[in-house]
Amino acid sequence: MFQNFVHYFLHFGFIALFAYLFDKKNWKKYYFVLLTTMIIDVDHLWATPIFDPNRCSINFHTFHTYIAVGVYLALLLLIKNKTAKIFFFGLLFHLVTDAIDCLWTNAWDLKVLL
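Just so you know, the sequence shown maps onto residues 142 to 255 in my numbering.
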């Protein structure tokens, strides 16, 4: 239960704090941008079953692969627009959050991320 709390806190709560620290005047805008990064979970819809609490999302779902990480990182570094940068940061943070959950589920065995 605590693991679920941490997972969803990182997905929804921590990003609010990050948005506030990123830009105190416009934090709600950036929080919304970070929330939109949840769209990458659409790739769960073409998995069977859609949700499996014991399945690691990292490198299983299409938008959670290491290739996707490379694309998100490249775009974060190459794009100058502040809003786009925070979006790609949010995608990477989403994957870090999912990796933490995956490791926690699998007794912190790093092999599950391969």
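Ideal placement from N, C-alpha and C gives every residue a C-beta, glycine not left out.
Isoleucine 180, buried or exposed, once every other Cβ within 10 Å from all chains shown has been counted against 16: Taking the first residue of the sequence shown as 1, we reach residue 180 at position 39. Exposed.
Own chain partners of valine 253 with C-beta closer than 6 Å, once the 5 adjacent residues on each side are dropped: Reading the sequence shown from its first residue, position 112 is the one you call residue 253. Result list for valine 253: Cys197, Cys243 and Asn247, in chain order.
Using 10 angstroms around the beta-carbon of isoleucine 156, count the other beta-carbons present and answer buried if the total reaches 16, otherwise exposed. In the sequence shown, counting from the first residue as 1, residue 156 sits at position 15. So isoleucine 156 ends up on the buried side.
Own chain, CB closer than 7 Å to tryptophan 168, minus 5 neighbours either side, in chain order: Here residue 168 is taken as the residue at index 27 of the sequence shown, counted from 1. Excluding five sequence positions before and after tryptophan 168, the CB atoms of its chain that fall closer than 7 Å to its own CB belong to Ala160 and Tyr161, given in chain order.
Can you name the start and end residues of the alpha helix (DSSP H) that phenylalanine 146 belongs to? Mapped onto the sequence shown, residue 146 falls at position 5. It spans 143–149 - the alpha helix (DSSP H) in which phenylalanine 146 sits, taken as one unbroken run.
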